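**Student:**
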Amino acid sequence: MRPLSPCGALPLHIAPCFPLMPLPPSVACYMEGHSAASCRTAPAPHALESAGTPPAPGRASLNSPTTMDAQLTLDFGPPPPPCFDNFVPGANLECLATLRHLVHSLKHGETPAQRFFYIWGPDGSGKSHLAGALTASQCPNLMVVDDVDRYSKGRQRTLFHRFNALIDQPDHALVVFGNQPPARLKLLPELVSRLSWGMVFSLQPLDDNALADALEQSARERGLNLGQDLSTYLLRHTRRDMASLKTILDGLDRLAWARKKPLTLPLLKDYLQSQRQAEEEGKAEG
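Residues in the sequence shown are numbered from 891 upward in steps of one, following the numbering used here.
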């Protein structure tokens, strides 16, 4: 469940970026299979991988292919945060353009033509990316709510009253994200009614071409040269939502640096196989 953003009671949670420091001279920047952008900086040694709990001594993280690779892996800085410019719209161009216009209007003190939005779609359709982009815009008088379908009844009531308060504030706007159309949300009836008032967008999953574009863009943001063979294999043999694909890119990037090898199809297959084994071992231990 994600809390409310700037004009709400609590800020929308965005993963923090750790301070960066240059790689020590003893660490060579292995360029083959990476673009120049991959000569990146590394976070301070105390920064935890993925802002999570470090694995126990002698054990590999689930995101690390093997213990040996995990010991060699460098913890690089995060990729660029979500913004409108790195959102691949596919069939969602109207929604993207509308949100851009909303931010522009609010930042320039204009009253938006439409102030209330409900945007829904399946997992991996870009909801959290757009929510993060709106929050990162630091737009005044804008309230952003992600994952409203996970809200407790107490938070639903708070949001309902906040919605009512915004009605009389023409220089304010509210954007809510969920995983179902308003009529199918299992929320308080009065809140569902409010969410149906404004403009409703249904985010469509990316088609093959748009998904390939998004995958290549995410690879470039990480300084990776992702060949056509790797891109095709990923889209055919893994989950096709961008969150899963970005996780794979991050793990593949770490493995390539740890082994000092370029990104190749055999390396990708090795990584995916190690991930499957780690998942099976995790289930067996559970």
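Every residue, glycine too, gets a C-beta built ideally from N, C-alpha and C. Small disclaimer: the values here were computed from a predicted structure and weren't measured.
Counting Cβ pairs, one atom from each stretch, are 3 or more of them under 8 angstroms apart for the region 1104 to 1123 and the region 1143 to 1163?
**Tutor:** Contact between the region 1104 to 1123 and the region 1143 to 1163 is present, because at least three Cβ pairs lie under 8 angstroms.
**Student:** Could you work out which residue in D1140, L1078, L1162 and R1130 is closest to D1013 when comparing CA atoms only?
**Tutor:** Here residue 1013 is taken as the residue at index 123 of the sequence shown, counted from 1. The shortest C-alpha separation from D1013 is found at R1130.
**Student:** Less than 8 angstroms between the beta carbons of K1076 and C1029, yes or no?
**Tutor:** Here residue 1076 refers to the residue found at position 186 of the sequence shown. Here residue 1029 refers to the residue found at position 139 of the sequence shown. No, they are not a contact pair.
**Student:** With distance defined between alpha-carbon atoms, name the residue in F974, L986 and K1136 nearest to F1091.
**Tutor:** Residue 1091 sits at position 201 when you count from the first residue of the sequence shown. Closest option to F1091, Cα to Cα, is L986.
**Student:** Do you know offhand how far A1104's Cα is from A1026's?
**Tutor:** Locating residue 1104 in the sequence shown gives position 214, counting from the first residue. Locating residue 1026 in the sequence shown gives position 136, counting from the first residue. If I take the Cα positions, the gap works out to 20 angstroms.
**Student:** From Q1059 to E1000, what distance separates their C-alpha atoms?
**Tutor:** The count along the sequence shown starts at 1 and reaches residue 1059 at position 169. The count along the sequence shown starts at 1 and reaches residue 1000 at position 110. Their Cα atoms are separated by approximately 12 angstroms.
**Student:** Which residue comes first and which comes last in the alpha helix (DSSP H) that contains Y1161?
**Tutor:** In the sequence shown, residue 1161 corresponds to position 271, counting from 1. Here the alpha helix (DSSP H) through Y1161 covers L1155 to E1175.
**Student:** Where Q1107 and D975 are concerned, what is the direct C-alpha to C-alpha distance, given to the nearest angstrom?
**Tutor:** Within the sequence shown, the letter at position 217 stands for residue 1107. Within the sequence shown, the letter at position 85 stands for residue 975. If you take the alpha carbons of Q1107 and D975, they lie about 11 angstroms apart.
**Student:** Between P972 and E1111, how many whole angstroms is the CB-CB distance? I'm expecting something under 8 angstroms.
**Tutor:** Taking the first residue of the sequence shown as 1, we reach residue 972 at position 82. Taking the first residue of the sequence shown as 1, we reach residue 1111 at position 221. With 8 angstroms as the limit, P972 and E1111 do not qualify as a contact, their Cβ atoms being about 11 angstroms apart.
**Student:** Nearest by alpha-carbon distance to S1018: which of A1174, M1132 and R1144 is it?
**Tutor:** Locating residue 1018 in the sequence shown gives position 128, counting from the first residue. Here the closest residue by C-alpha is M1132.
**Student:** Do you know how far the Cα of S1121 is from the Cα of Q1166?
**Tutor:** As a working note, residue 1166 is residue 276 in the sequence shown. As a working note, residue 1121 is residue 231 in the sequence shown. The amino acid occupying residue 1166 in the given sequence is Arg; Gln does not appear at that position. Straight-line Cα distance between these residues: approximately 19 angstroms.
**Student:** For F1050 versus L1032, is the C-beta distance shorter than 8 angstroms?
**Tutor:** As a first step, residue 1050 is located in the sequence shown; it is residue number 160 there, counting from the start. As a first step, residue 1032 is located in the sequence shown; it is residue number 142 there, counting from the start. Taking 8 angstroms as the Cβ cut-off, F1050 and L1032 do not qualify as a contacting pair.
**Student:** For D1143, which residues of its own chain have a beta-carbon under 7 angstroms away from its beta-carbon, when the five flanking residues on both sides are left out?
**Tutor:** In the sequence shown, the residue the question calls residue 1143 occupies position 253. Counting only Cβ-Cβ distances below 7 angstroms, and skipping sequence neighbours, we find R1112 and L1114.
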